[in-house]
Amino acid sequence: MRSIIRKLFIAFVIVCQFFVQLEPFYVIADNSIGISALGTPYLQDFNTLSNNGESDTFPFGWVLSETETSNNVNNKYQISTGSYSTGDTYSYGSINETDRALGGLQDPSFVPLYGASFTNHTGGVIQSLSIKYTGEEWRLGKSGRSDKLIFEISLDATSLNNGTWHSYDDLIFFTPNKDTEGAKNGNHPTNKLDKSYTISGLNIAPGGSFWIRWRDHPVTNGINDGLAVDDFSLIPYGIDNPPAIMSITPDNNAINVALDANLAISFSEPVDLLVGWLTLSCSKSNQHSIAVSGGPQSFSIDPTIDFVFGDQCTVTVKAEKVVDQDATDPPDVINKDYSFNFSTILPPDAAPIITNISPANDAVEIPLDSSLSINFSEPVLVSPGWFSINCSTSGTHPAEVVSGSTTFVLTPDEPFENEETCTLSVQAADIHDLDSDDPPDSMPSDFTISFSTLTTPDSAPYLLSSLPANGAEMVDVN
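Note that the numbering used here has the sequence shown beginning at 419, numbered continuously upward.
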């Protein structure tokens, strides 16, 4: 009984290990290959694959998937001249030769997939794809029978292992040379075939992605052939939309833009910029020359002179000066001129100061019943004791205060005296501006002026004496 249980347990473990090993080992494309223009081919000759050892380095955007139970399920490919008969993904070609082809050999314990992701950056709708590649035979597993390599495309996949895939008979590569088992030279004309077909009926919108892949076909007798892909070409065709502005920096009506800020503009597709394509005009710093970098789809614009505080600026892109790079024309320019506005940061907050005072400093002959007037540079809030009036004869004067937001009128409680010198002092710590842009919010220093009052007026003349004296008698008339 124990022997039966032990055997069942071992069988259970083996089955579990089998299913664990069935998990696919694959790479999700870190970067999708961008299709930049309708009618422009994407070409891949795979010559960047390793030619001298095991590797996981692929051309940009290309990935592989390996499944089943083989120890070769390791997310790497081997180099091969066609001499290997074990299941694996291969960089086929002569040893140390740079001319490579990407392929694989399937067996019951190893299933390879390889392909790439593409994204539509043309600005238009892709309606068809012209696909071409050369299929190469690097090993014949069994003479007299044919293997095949199947090209497929998916419009909803996010990796080589999911989504709905479609194949096309004209893009299936069948083993061309079925004589003599063993290694072949895949570059020899008898061991390769050119495949081509235009996939129509597509509707891949701008920004949309699709995947392509090749999968081996499992043969029913003998070892699979070593088949590979070389000299791949993809040409997108479709409806060309005019280039459009997709993003701008700063945003339209942005505020508080830095004085040394650069601008940025991105288009829906690669474009050429003609002389005078952009104008930058500001209310204070006037017209700006610019230096442009980047492209062909996203550009940075560096004004050669910085903006100034409180600038109101307008950027205008001239429609006829922005031309797309595709060959599907018209249209090839943006629909109409495009403008956006922004304003720069305001000047730093200044401390409140006294801009005018009456009487003026060192004024003379000030009437005794005068009121004093103080004007500030901005609205302020005053604290008790914010001013003092002191005179050399009449002493300290309290005053009635009548205030506006920036103007304060002080009327002393008693008139001044003649011919005295008075001082008006304003205490900086007791003056605060009303804005929230602080600091500063107080006057930078105390403020003092002096003035002098009216001179004592002359007395009216009067008679001190007369001769003869008033009321004198017997006055000599000689």
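The beta-carbon is built from N, C-alpha and C at its ideal position, and this holds for glycine as well. Model, not experiment: these values are computed from the prediction.
Under 7 Å, do residue i and residue j count as touching if we go by C-beta distance?
{"i": "T732", "j": "L677", "result": "no"}
{"i": "L578", "j": "Y615", "result": "no"}
{"i": "F592", "j": "K566", "result": "yes"}
{"i": "D724", "j": "G542", "result": "no"}
{"i": "P770", "j": "M861", "result": "yes"}
{"i": "G656", "j": "L456", "result": "yes"}
{"i": "G452", "j": "H539", "result": "yes"}
{"i": "A768", "j": "V751", "result": "no"}
{"i": "S684", "j": "S716", "result": "yes"}
{"i": "S454", "j": "P688", "result": "yes"}
{"i": "S450", "j": "T582", "result": "no"}
{"i": "N793", "j": "T825", "result": "yes"}
{"i": "D859", "j": "D851", "result": "yes"}
{"i": "E554", "j": "K494", "result": "no"}
{"i": "V735", "j": "Y756", "result": "yes"}
{"i": "S468", "j": "S509", "result": "yes"}
{"i": "L531", "j": "S473", "result": "no"}
{"i": "A601", "j": "T499", "result": "yes"}
{"i": "S806", "j": "S843", "result": "yes"}
With residue i as the anchor, note down where its beta strand (DSSP E) starts and where it stops.
{"i": "D517", "result": "Note, D517: premise wrong, no beta strand (DSSP E); not H, not E."}
{"i": "K550", "result": "543-558"}
{"i": "K739", "result": "Note, K739: premise wrong, no beta strand (DSSP E); not H, not E."}
{"i": "Q496", "result": "496-498"}
{"i": "I666", "result": "663-667"}
{"i": "D563", "result": "It should be noted that the sequence gives Arg, not Asp, for residue 563. Careful: R563 lies outside any beta strand (DSSP E) and carries neither H nor E."}
{"i": "N538", "result": "529-538"}
{"i": "E796", "result": "Where E796 is concerned, there is no enclosing beta strand (DSSP E), given that its DSSP letter is neither H nor E."}
{"i": "I849", "result": "849-851"}
{"i": "I653", "result": "644-657"}
{"i": "Q462", "result": "460-462"}
{"i": "S699", "result": "696-700"}
{"i": "A878", "result": "A878 -> no beta strand (DSSP E), and no H or E assigned at all."}
{"i": "Y615", "result": "610-617"}
{"i": "G783", "result": "Correcting the residue type first, residue 783 is Glu in the shown sequence and not Gly. First-last of the beta strand (DSSP E) with E783: 781-784."}
{"i": "I641", "result": "It is not in any beta strand (DSSP E) - I641 carries neither H nor E in the DSSP assignment."}
{"i": "T866", "result": "865-871"}
{"i": "A456", "result": "Note that residue 456 is Leu in the sequence shown, not Ala. Counting along the chain, L456 falls outside any beta strand (DSSP E), and DSSP gives it neither H nor E."}
{"i": "A682", "result": "681-685"}
{"i": "F758", "result": "756-762"}
{"i": "W632", "result": "627-634"}
Apart from the five residues just before and just after residue i, which ones in its own chain have a Cβ nearer than 7 Å to its Cβ?
{"i": "R420", "result": "The predicted position of R420 is uncertain, since its pLDDT is 42 and thus under 50; a value taken from the coordinates is nonetheless stated next. Here the set comprises nothing."}
{"i": "T811", "result": "E835, E838"}
{"i": "D729", "result": "C700, S701, K702, S703, S761, T762"}
{"i": "S823", "result": "P797"}
CB-CB under 6 Å to residue i, same chain, minus the five flanking residues each way: which ones, in chain order?
{"i": "L573", "result": "F628"}
{"i": "S707", "result": "T722"}
{"i": "S503", "result": "I641"}
{"i": "Y586", "result": "Y615"}
{"i": "I666", "result": "I683, F758"}
{"i": "N779", "result": "I867"}
{"i": "I673", "result": "S761"}
{"i": "Y551", "result": "K613, V647, F650"}
{"i": "P548", "result": "Before going on, a small fix: residue 548 reads as Ser here, not Pro. Excluding residues within five positions, the ones whose Cβ falls inside 6 Å are T616, I653."}
{"i": "F476", "result": "none"}
{"i": "N808", "result": "T814, T841"}
{"i": "T873", "result": "E837"}
Taking 6 Å as the cut-off, does the CB of residue i come closer than this to any heavy atom belonging to the ligand ATP?
{"i": "P802", "result": "By its list of ligands, the structure shown contains no ligand whatsoever, and the ligand ATP lies outside what it can speak to."}
In or out: residue i buried (at least 16 other Cβ within 10 Å) or exposed?
{"i": "I446", "result": "Residue placement at I446 is flagged as unreliable, the pLDDT there being 39, under the threshold of 50; the coordinate-derived value follows with that caveat. Counting Cβ neighbours within 10 Å, I446 comes out exposed, since fewer than 16 surround it."}
{"i": "K754", "result": "exposed"}
{"i": "S625", "result": "Sequence check: residue 625 is Gly here, not Ser. Exposed, because fewer than 16 other Cβ atoms sit within 10 Å of the Cβ of G625."}
{"i": "P636", "result": "exposed"}
{"i": "Q496", "result": "buried"}
{"i": "L692", "result": "exposed"}
{"i": "I899", "result": "Absent from the model: residue 899. The displayed extent of the chain is 419 to 896, so no value can be given."}
{"i": "A575", "result": "buried"}
{"i": "T746", "result": "buried"}
{"i": "T871", "result": "buried"}
{"i": "L764", "result": "exposed"}
{"i": "V433", "result": "Confidence in V433 is poor, its pLDDT being 37 and thus under 50, which makes the residue's placement unreliable; the coordinate value appears in the next sentence. Label assigned to V433: exposed."}
{"i": "A519", "result": "buried"}
{"i": "A534", "result": "buried"}
{"i": "H606", "result": "exposed"}
{"i": "A890", "result": "exposed"}
{"i": "M892", "result": "exposed"}
{"i": "G471", "result": "exposed"}
{"i": "A887", "result": "exposed"}
Whose C-beta lies closer than 8 Å to the C-beta of residue i among residues of the same chain, with five residues either side of it excluded?
{"i": "P714", "result": "S454, P688, V689, D690, Q743"}
{"i": "L440", "result": "Any reading at L440 must be qualified, since the residue scores a pLDDT of 35, below 50, and its modelled position is unreliable; no value is offered."}
Practice task
Answer yes if the stretch 643-651 comes into contact with the stretch 455-471, meaning at least three C-beta pairs across the two stretches below 8 Å, and no otherwise.
Solution key: Judged by Cβ distances under 8 Å, the stretch 455-471 makes contact with the stretch 643-651, as three or more pairs qualify.
Practice task
Evaluate contact between the stretch 882-890 and the stretch 796-813, counting only Cβ atoms and requiring at least three cross-stretch pairs below 8 Å.
Solution key: Under the 8 Å Cβ criterion, the stretch 882-890 does not count as touching the stretch 796-813, having fewer than three qualifying pairs.
Handout entry: Cβ contact check for the stretch 519-539 and the stretch 479-491: 3 or more pairs under 8 Å
Key = Touching, per the Cβ criterion.
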